[in-house]
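What follows is a short report on a single structure.
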RNA sequence: UGCCUGGAGAAUUCAACA
């Protein structure tokens, strides 16, 4: 049985749903581990509902089963379901706590996440790193730094998170990022790519090139990062060459290329990419939308916006920015009220639309009614 | 005692930085 499970979990690791199913169905017996593997493989493929139905069907559950389902909900961004499940769990361990805290932080509830972190019966490096990583991706460098300063020991992952935090804050912290990287006892491709990203954010293209050359290896992620670095400098030729040099391409790489054209005034090329790329998603649609906005083609931006099947907050913000950039204050206001959710970017966009167009008194009212940041 | 669960890198929106 353990041998069967080993084979099964190998497919789970690879995210191979069909093989995993096949193995599961041909096993003579199932243990709780086999069932857990099935929850896991559904979760990894983004099928949280299927994961739940496996969970409900299984004859025995252990804490790992609960944690797996919690992870499935959290991964799908369903905070409500995550909370409900967490509350109904018979017991919790570090993994459960870490998962629910991450769910809160990922949804932007940093105060709650931090409070839960303090309430946890015990912490470890992973739970701290989890929260710090959320701060980092939200651009809250100081908060991330403070957390790491209070940790006794950092490992490669924690250091990479800190590197990423520096990277997010652009050129203020490039020096610190570089120093941190130089002091790291070990490095992997992820750390190298985070450093490359730090140089990109700082607009230091020579730094990007030399980091890229020094990297012991390259993969799709680091190549895409380099493409973006070129694109940001308007060096489309090199961006394109980087794309062409990729041994394989995914949706992110395609979107990066699309955006390279869109942000540098090559709208027709951007459209060509958009029409010829193997898949499209919200992000690629938003990228083209912003290209239209940049080129002053607000109507086409609007058409694109309307054609997005599942709009995200970024979709709304992008459309808002499209209006804001061209002084369509009326539309900005209307859209702002219509939006299902708002974040800091939303408010900043609104404010800049108002101030750029002389509505200073209204801007100050808006300033006063902004929600406090945690 | 080593069959299953939690943390890190790339694309899209505002501003800031140059």
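Numbering (our numbering), first residue to last: 15 to 388. A virtual CB, placed ideally from N, CA and C, is assigned to each residue, including glycine.
Next item on the list: Report yes if the C-beta distance between residue 209 and residue 170 is below 8 Å; otherwise report no.
Entry: Here residue 209 refers to the residue found at position 195 when the first chain is read from its first residue. Here residue 170 refers to the residue found at position 156 when the first chain is read from its first residue. For residue 209 and residue 170, no; Cβs fall outside 8 Å.
Notebook entry, point to check: Using DSSP with H/G/I as helix, E/B as strand and the rest coil, what is residue 91?
Noted result: Counted from its first residue, the first chain places residue 91 at position 77. Note: residue 91 maps to coil in three-state DSSP.
Item checked: Between the CA atoms of residue 273 and residue 302 - distance to the nearest angstrom -> The residue labelled residue 302 in the question sits at position 288 within the first chain. The residue labelled residue 273 in the question sits at position 259 within the first chain. The straight-line gap from Cα to Cα measures roughly 7 Å.
Next item on the list: Helix, strand or coil for residue 386, going by three-state DSSP, please let me know.
Entry: The residue given as residue 386 occupies position 372 in the first chain. Three-state DSSP puts residue 386 in coil, outside helix and strand.
Notebook entry, point to check: Taking residue 165 as the reference, which of 140, 180 and 182 has the closest Cα?
Noted result: For this step, residue 165 is matched to residue 151 along the first chain. Of the candidates 140, 180 and 182, the one whose C-alpha sits nearest the C-alpha of residue 165 is 140.
Notebook entry, point to check: Which ranges would you report for the alpha helix (DSSP H) in the region 211-288 if only whole runs of at least 4 residues count?
Noted result: 219-228, 234-246, 250-258 and 265-276
Check: Closest to residue 155 by CA distance: which of 24, 190 and 279 is it?
Finding: Taking the first chain and counting its residues from 1, one reaches residue 155 at position 141. Residue 155 has its Cα closest to that of 190, out of 24, 190 and 279.
Note to self: Relative to the C-alpha of residue 94, which candidate in 107, 120 and 38 has its C-alpha closest?
What the structure shows: Position 80 of the first chain, counted from the start, is the residue given in the question as residue 94. If we check each option's Cα against that of residue 94, 120 comes out closest.
Check: What is the DSSP secondary structure of residue 80, counted as helix, strand or coil?
Finding: In the first chain, counting from the first residue as 1, residue 80 sits at position 66. In this structure, residue 80 counts as helix in the three-state DSSP scheme.
Check: Excluding the five sequence neighbours on either side, which residues of its own chain have a C-beta within less than 8 Å of the C-beta of residue 280, listed in chain order?
Finding: As a working note, residue 280 is residue 266 in the first chain. Same-chain partners within the cutoff: 250.
Item checked: Buried or exposed (CB count within 10 angstroms, at least 16 for buried), residue 175 -> One-based indexing of the first chain puts residue 175 at position 161. That one is buried.
Item checked: Where the alpha helix (DSSP H) through residue 133 begins and ends -> Taking the first residue of the first chain as position 1, residue 133 is located at position 119. Its alpha helix (DSSP H) spans residues 124-133.
Notebook entry, point to check: For the alpha helix (DSSP H) that residue 31 lies in, which residues bound it at each end?
Noted result: Taking the first residue of the first chain as 1, we reach residue 31 at position 17. That run of the alpha helix (DSSP H) goes 31-40.
Checklist line | Neighbourhood of residue 65 by C-beta, 7 Å cutoff - its chain only, sequence neighbours within 5 removed | finding: Locating residue 65 in the first chain gives position 51, counting from the first residue. 53, 56, 57, 83 and 86.
Notebook entry, point to check: Between the beta-carbon of residue 102 and the beta-carbon of residue 117, is there less than 8 Å?
Noted result: As a working mapping, residue 102 is identified with position 88 in the first chain. As a working mapping, residue 117 is identified with position 103 in the first chain. Cβ atoms of residue 102 and residue 117: not closer than 8 Å.
Checklist line | Proximity of residue 113 and residue 151 at Cβ, strictly below 8 Å | finding: Reading the first chain from its first residue, position 99 is the one you call residue 113. Reading the first chain from its first residue, position 137 is the one you call residue 151. Cβ distance not < 8 Å, so residue 113 and residue 151 don't count as in contact.
Next item on the list: Ignore the nearest five residues each way along the sequence and tell me which others in residue 300's own chain have a CB closer than 6 Å to its CB.
Entry: To locate residue 300, count along the first chain from 1; it is residue 286. Closer than 6 Å at the Cβ level, and outside the excluded window around residue 300, lie 328, 329 and 332.
Notebook entry, point to check: Excluding the five sequence neighbours on either side, which residues of its own chain have a C-beta within less than 7 Å of the C-beta of residue 261, listed in chain order?
Noted result: Along the first chain, one-based indexing puts residue 261 at 247. If we look at residue 261 and ignore the five residues flanking it on each side, it has no Cβ neighbours.
Checklist line | DSSP state of residue 334 mapped onto helix, strand, coil | finding: For the purposes of this step, residue 334 is identified with residue 320 of the first chain, where counting begins at 1. Reduced to three states, the DSSP call for residue 334 is helix.
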